[in-house]
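Colleague:
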Amino acid sequence: MIEHANRGLRTFVSIPLNPVAIYTLSTFIESINKEDNSRIRWVKPEHFHITLNFLPKTDPTQLYSIFNKIQQAATTFNPFALRLNTLRGFPHINSPRVLWASILGEVTTLKLLHNKIKSKLIPLGFLQEKQNIVPHITLGRVPSPAIENTSLLLKRIIPANFNFPAEDWYVTDLHYIESTLTQIGPVYKTIGIAPLNKVI
């Protein structure tokens, strides 16, 4: 399935979350906001995802070719299980500019799929990324003036051994997304959905 996109300058391949994972993360964010109405810029729950491949400066004329390559890669993988792990921060949880949820489960399969898509896109002019993928879900961004207060808040309300409730969900398809940056945050449009091989 594919829809036409007006502009495809910023696109990415994503893994969607299941409703339980979305609810878990949304509830977690609400619990932090109840403790402190911080200035963290939280990601909207409907935008939660795992970025598998980021494709900046995509040529709009290549959208269909790119999606075709994503479909080819997706059909060579069976559905695989992932689950939420814990809260982390970049560059560090004690001085976070970005808050994110780490992922457990069949992460090796996720990385293989990431590499498969990378190799499929080389003929279209996309260079191989040198850095390794770190699967995660971005939850929020912390403005510089709020970093210290956010760090103190997290230390106060989150146990050192904190983990999100663990429940596996199966990745059954990939979403190819166009991202348009606006003053009120990114606007996402689904270009196409590529199912994995439906054998579990």
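Numbering (my numbering), first residue to last: 4 to 203.
All C-beta atoms in this analysis are idealised placements derived from N, C-alpha and C, irrespective of residue type, glycine included.
Small disclaimer: the values here were computed from a predicted structure and weren't measured.
For Pro198, tell me which candidate among Thr183, Pro189, Pro59 and Leu177 has the shortest Cα-Cα distance.
Modeller: Working through the sequence shown from its first residue, we reach residue 198 at position 195. Of the listed residues, the one whose Cα sits closest to Pro198 is Leu177.
Colleague: Determine, using beta carbons only, whether Arg44 and Ser182 come nearer to each other than 8 Å.
Modeller: Translated into positions along the sequence shown, residue 44 becomes position 41. Translated into positions along the sequence shown, residue 182 becomes position 179. Against a cut-off of 8 Å, the Cβ pair of Ser182 and Arg44 comes out as no contact.
Colleague: Between Leu90, Ile18 and Phe83, which has its C-alpha nearest Gly108's C-alpha?
Modeller: Indexing the sequence shown from 1 puts residue 108 at position 105. If we check each option's Cα against that of Gly108, Phe83 comes out closest.
Colleague: Can you check DSSP and say which residues form a bridge with Leu58?
Modeller: Working through the sequence shown from its first residue, we reach residue 58 at position 55. Leu58 is bridged to Thr14.
Colleague: Find out if the Cβ-Cβ distance for the pair Val23, Trp172 is shorter than 8 Å.
Modeller: Here residue 23 is taken as the residue at index 20 of the sequence shown, counted from 1. Here residue 172 is taken as the residue at index 169 of the sequence shown, counted from 1. Yes, they are a contact pair.
Colleague: Can you tell me which of the three DSSP states Val110 falls into?
Modeller: Along the sequence shown, one-based indexing puts residue 110 at 107. Residue state, collapsed to three classes: helix.
Colleague: Could you give the uninterrupted runs of the beta strand (DSSP E) lying entirely in the stretch 80-124, keeping only those of 3 residues or more?
Modeller: Here the runs fully enclosed are 83-93 and 101-108.
Colleague: Leaving aside the five residues before and after Arg91 along the sequence, list all residues of the same chain whose C-beta is less than 8 Å from its C-beta, in chain order.
Modeller: The residue given as residue 91 occupies position 88 in the sequence shown. Here the set comprises Leu102, Trp103, Ala104, Ser105 and His139.
Colleague: In the DSSP assignment, the alpha helix (DSSP H) including Ser34 goes from what residue to what residue?
Modeller: Mapped onto the sequence shown, residue 34 falls at position 31. Ser34 -> alpha helix (DSSP H) spans Pro22 to Glu38.
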